[in-house]
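What follows is a single structure, written as structure tokens, with notes after it.
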Amino acid sequence: MRSLFPVTDLTKSAVGGEDPSGPLTDREWSLDELAEAYAYPADLPAGKARRPGAAWLRANMVSTLDGAAQHDGRSQGISCAADMRIFGTLRGLADVVIAGAETVRLEGYRPARAREAFAARRAAAGQSPAPALAVVTGSMDLDFSLPLFTEPLVPTLVVTGAGAPADRITAARQAGAEVVIAGEGTRVDPARAVRELAARGLRRQLTEGGPRLLGQFVAADVLDELCLTVSPMLTAGDAQRIAGGPGVAVPERFSLTSLLEEAGFLFTRYRRTDS
Numbered sequence: 003m004r005s006l007f008p009v010t011d012l013t014k015s016a017v018g019g020e021d022p023s024g025p026l027t028d029r030e031w032s033l034d035e036l037a038e039a040y041a042y043p044a045d046l047p048a049g050k051a052r053r054p055g056a057a058w059l060r061a062n063m064v065s066t067l068d069g070a071a072q073h074d075g076r077s078q079g080i081s082c083a084a085d086m087r088i089f090g091t092l093r094g095l096a097d098v099v100i101a102g103a104e105t106v107r108l109e110g111y112r113p114a115r116a117r118e119a120f121a122a123r124r125a126a127a128g129q130s131p132a133p134a135l136a137v138v139t140g141s142m143d144l145d146f147s148l149p150l151f152t153e154p155l156v157p158t159l160v161v162t163g164a165g166a167p168a169d170r171i172t173a174a175r176q177a178g179a180e181v182v183i184a185g186e187g188t189r190v191d192p193a194r195a196v197r198e199l200a201a202r203g204l205r206r207q208l209t210e211g212g213p214r215l216l217g218q219f220v221a222a223d224v225l226d227e228l229c230l231t232v233s234p235m236l237t238a239g240d241a242q243r244i245a246g247g248p249g250v251a252v253p254e255r256f257s258l259t260s261l262l263e264e265a266g267f268l269f270t271r272y273r274r275t276d277s
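Heads up, the numbering used here is the position in the sequence shown plus 2, with the first residue counted as 1.
As structure tokens, then:
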């Protein structure tokens, strides 16, 4: 892996061949190096007009060259080992991982595990040993007998609306999950979900989609950062894009903050221009 952006004195040195271990050298980065590269802001923003509360919501997605976010319904086929290391690093830095119920079912989500590589960093930040998982669902159509709900290191959260089926809410609580009400009826309000999680101390937020959930966060104007892996593959077909659903009236401008490369895969990091 090598760093292509931002350009620094070390980058220039590596280009000139003076530093064989510099950021342009194609080598495997340590988890500590990845953690530094993807660190959350030291001072999380608070009191923004668009979203009150101190929180930072980043998304992590992968896309092929022709815009497919999945192959045969899953993201694994368009990913790579380096992408999975970044995936694990982003989880290792987050307070909470947010995913839609459909993604949880399709990808076979299990409880997040504590990793020794991030233990000291998480302890210093006052975080739990592993991130909590928050499943967003209006219907509550989930199997609460799965380990995700019965065996997590940190209790799984189920984010739903006030009108969700009462028997399913009871089942979730009986399984050990914490139910978070973040909307009226059965609909989850994305902005309220962010606020409710932040109110529980879960301020470093990471969403892994799927595309429908990410589209809702984008439409609600609450996404601060996008970590997008561009896979050097073409799939054609009718696979979903990384974000789906209704469009926004005015496209939101994001700025490139870092760019890494390995074996033709580009690991981009974009941030809102006002964040």
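Beta carbons: idealized from backbone N, C-alpha and C, even for Gly. All of these numbers come straight from a predicted model, not from anything done at the bench.
Reference residue i, options the options, closest by Cα
i             : options                           : result
proline 168   : Ser147, Ser141, Gly203 and Arg194 : Checking the sequence, you will find alanine at residue 168 rather than proline. Cα-wise, what sits closest to alanine 168 is Ser141.
valine 190    : Thr237, Ala39 and Val161          : Val161
valine 137    : Val181, Ala173 and Val252         : Val181
methionine 86 : Glu30, Asp223 and Asp68           : Glu30
valine 156    : Ser32, Ala39 and Ala116           : Ala116
arginine 271  : Ser257, Arg123 and Ala122         : Ser257
histidine 73  : Glu109, Glu263, Leu144 and Phe7   : Glu109
isoleucine 88 : Leu262, Ala125, Gly163 and Arg123 : Leu262
arginine 202  : Phe269, Gln129 and Ala238         : Gln129
glycine 280   : Val9, Asp28 and Pro8              : The chain is shown from 3 up to 277; residue 280 falls before or after that span and cannot be answered.
arginine 255  : Ala238, Gly239, Glu264 and Arg274 : Arg274
alanine 44    : Pro192, Ala127 and Ala121         : Ala127
glycine 239   : Ala71, Arg170 and Val9            : Ala71
alanine 193   : Ala222, Tyr111 and Ala177         : Ala222
leucine 269   : Glu104, Ala122, Thr91 and Ala125  : The residue you asked about is not leucine; residue 269 is phenylalanine in the sequence shown. Here the closest residue by C-alpha is Thr91.
tyrosine 42   : Ala251, Leu204 and Val250         : Leu204
glutamate 38  : Asp143, Arg124 and Ala177         : Arg124
threonine 139 : Glu118, Arg170 and Ala119         : Arg170
alanine 119   : Leu6, Pro8, Ala251 and Asp34      : Asp34
Residue environment, residue i, which counts as buried when at least 16 other CB atoms sit within 10 Å
i             : result
glycine 49    : Only weak support is given to the placement of glycine 49: the predicted model assigns it a pLDDT of 43, under 50, and the value that follows is read from those uncertain coordinates. The residue in question, glycine 49, is exposed, as its Cβ has fewer than 16 Cβ neighbours within 10 Å.
aspartate 276 : exposed
alanine 241   : buried
leucine 236   : exposed
proline 253   : exposed
glycine 102   : buried
threonine 172 : exposed
serine 147    : exposed
glutamate 153 : exposed
glutamate 227 : buried
arginine 175  : exposed
serine 32     : exposed
alanine 114   : buried
valine 224    : buried
proline 54    : Low confidence applies here, because proline 54 scores a pLDDT of 45, under 50, leaving its location unreliable; read the following figure in that light. With fewer than 16 other Cβ atoms within 10 Å, it is exposed.
alanine 196   : Residue identity check: residue 196 is valine in the sequence provided, not alanine. Buried, since its Cβ has 16 or more Cβ neighbours within 10 Å.
glutamate 264 : buried
glycine 163   : buried
arginine 112  : exposed
arginine 76   : exposed
threonine 158 : buried
alanine 122   : exposed
alanine 84    : buried
alanine 200   : buried
alanine 51    : With a pLDDT of 42 at alanine 51, under the threshold of 50, the predicted position of this residue should be treated as unreliable, though the coordinate-derived value follows. So alanine 51 counts as exposed.
Per DSSP, cross-strand counterpart(s) of residue i
i                 : result
glycine 102       : Val138
serine 65         : Val232
threonine 162     : Ile183
phenylalanine 7   : Leu261
glutamine 207     : Leu59 and Val98
glutamate 227     : Arg60 and Arg273
phenylalanine 267 : Glu264
phenylalanine 256 : Arg274
arginine 76       : His73
Cβ distance (whole Å) where residue i is taken to contact residue j below 8 angstroms
i             : j                 : result
glutamate 186 : glycine 165       : 7 angstroms
cysteine 81   : valine 64         : Looking at the sequence itself, residue 81 is serine, so the reference to cysteine does not match. Their Cβ separation, rounded to whole angstroms, is 6 angstroms, which keeps serine 81 and valine 64 in contact under 8 angstroms.
alanine 184   : phenylalanine 151 : The Cβ separation is near 18 angstroms, so there is no contact.
leucine 67    : proline 234       : 6 angstroms
- Indicate whether the contact test is met: 3 or more Cβ pairs, each with one atom in the region 240 to 260 and one in the region 201 to 218, closer than 8 angstroms. yes
- Query: Would you call the region 204 to 214 and the region 53 to 69 touching, i.e. three or more CB-CB distances under 8 angstroms?
  - Reply: yes
- Message: Quick test of the definition: if touching needs 3 or more C-beta pairs under 8 angstroms, does the region 96 to 103 touch the region 122 to 142?
- Response: yes
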